[in-house]
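Student: Questions regarding the structure given below will be posed in turn.
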């Protein structure tokens, strides 16, 4: 699925990512790191929006530089709070979902009945059929994130990148969205999930592995139970923390005297 081999990205003489090697065949991964650690750059590489200064990248069986990245992106679903700013607020939520079928930000073709039915199926998966006819701009932030998740599923992508999807959500909306993400991850046709977050407590039980990024380097990666430990997260965040697990979720608390 994802093969990064000795990848370095330089900008103005500075290494944004340095000698990154990461192989993921089929696991759901959480990607953690502080601001400026290199998480966004890593996502841009995977989606073909950025080229490495050195090293090689294969995504979904395609070698970047030898394959049309526009076709690659059709195989990758993407959910981010920043994405809703590029979508038409006057469109109904259902049409926003349908736009994901063609990896566009607007509707440029006549919508078929089959597309409508498939889009309603995706809204049903995320528990949002009740807002299908509501204008996108009139939705709450949590509702928009559900629509974006349904949109990302429209293309039946092989990989789903969730870039801080809970950013800005209140507690009930966050928990609701996490339950939805967990349900998607457990489905028989689930894509591979890459969940990028600042907050380990958001990592749903079905995410089995974690990649820690610090100062542009892979700090650690592997099975969640081995990586999301008090020792490793204290090292990652330069803050003394304690890690436990409850109902499959990591619980990370700061140690205070």
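In our numbering, the protein residues as written are 9 to 265. Every residue gets a Cβ at the ideal spot worked out from N, C-alpha and C, and that includes glycine.
1) Does the Cβ of residue 3 have 16 or more other Cβ atoms within 10 Å, making it buried, or fewer, making it exposed?
2) By the three-class DSSP mapping on this structure, what secondary structure does residue 110 have?
3) As a quick exercise: from 33, 110, 93 and 22, pick the residue whose alpha carbon is nearest that of residue 165.
4) Consult DSSP for residue 217 and reduce its assignment to one of helix, strand or coil.
5) Compute the Euclidean distance between the alpha carbons of residue 16 and residue 225, then round it to the nearest angstrom.
6) Would residue 234 be called buried (16 or more neighbouring beta carbons within 10 Å of its own) or exposed?
7) Going along the chain, which unbroken runs of the beta strand (DSSP E) with 3 or more residues stay wholly within the stretch 155-221?
8) Quick one: what does DSSP say residue 133 is sitting in, helix, strand or coil?
9) Using only the alpha-carbon positions, how far apart do residue 14 and residue 46 sit?
10) Taking buried to mean at least 16 other C-beta atoms within 10 Å of its own C-beta, is residue 259 buried or exposed?
11) Short of 8 Å in beta carbon distance, which residues of its chain neighbour residue 160, apart from the five on each side in sequence? Order them along the chain.
12) Alpha helix (DSSP H) containing residue 148: first to last residue?
13) DSSP three-state call for residue 42: helix, strand or coil?
14) Can you grab the Cα-Cα spacing for the pair residue 308 / residue 158, in whole Å?
15) Report, in whole angstroms, the separation of the C-beta atoms of residue 240 and residue 219, which I expect to be a contact under 8 Å.
16) For residue 100, write down the residues that DSSP places opposite it in a beta bridge.
17) By DSSP, does residue 18 sit in helix, in strand, or in coil?
18) Could you spell out the range, first to last residue, of the alpha helix (DSSP H) harbouring residue 79?
19) Looking only at C-alpha atoms, which of 250, 93 and 51 sits nearest to residue 11?
20) When you compare only the Cα positions, how much space is there between residue 82 and residue 264?
21) With residue 55 and residue 34 assumed to form a contact (beta carbons below 8 Å), what rounded beta-carbon distance in angstroms separates them?
22) Touch check for the stretch 145-152 and the stretch 176-187: three-plus C-beta pairs under 8 Å?
23) Suppose contacts are defined by Cβ-Cβ distances below 7 Å. Is residue 7 in contact with residue 49 by that definition?
24) Applying the 10 Å Cβ sphere with the 16-neighbour rule, what's the burial state of residue 253?
Tutor: Taking the coordinates as given:
1) The chain is shown only over 9 to 265; residue 3 falls outside these bounds and no answer can be derived.
2) helix
3) 110
4) strand
5) 9 Å
6) exposed
7) 167-171 and 200-205
8) helix
9) 15 Å
10) exposed
11) 85, 86, 87, 108 and 168
12) Counting along the chain, residue 148 falls outside any alpha helix (DSSP H), and DSSP gives it neither H nor E.
13) coil
14) Look at the range of the chain in this structure, 9 to 265, and you will see that residue 308 is not part of it.
15) About 11 Å; that fails the 8 Å criterion.
16) 143
17) strand
18) 77-81
19) 51
20) 46 Å
21) Contact flag wrong, Cβ pair sits at about 19 Å.
22) yes
23) The first residue shown for the chain is 9 and the last is 265, placing residue 7 beyond what the model contains.
24) exposed
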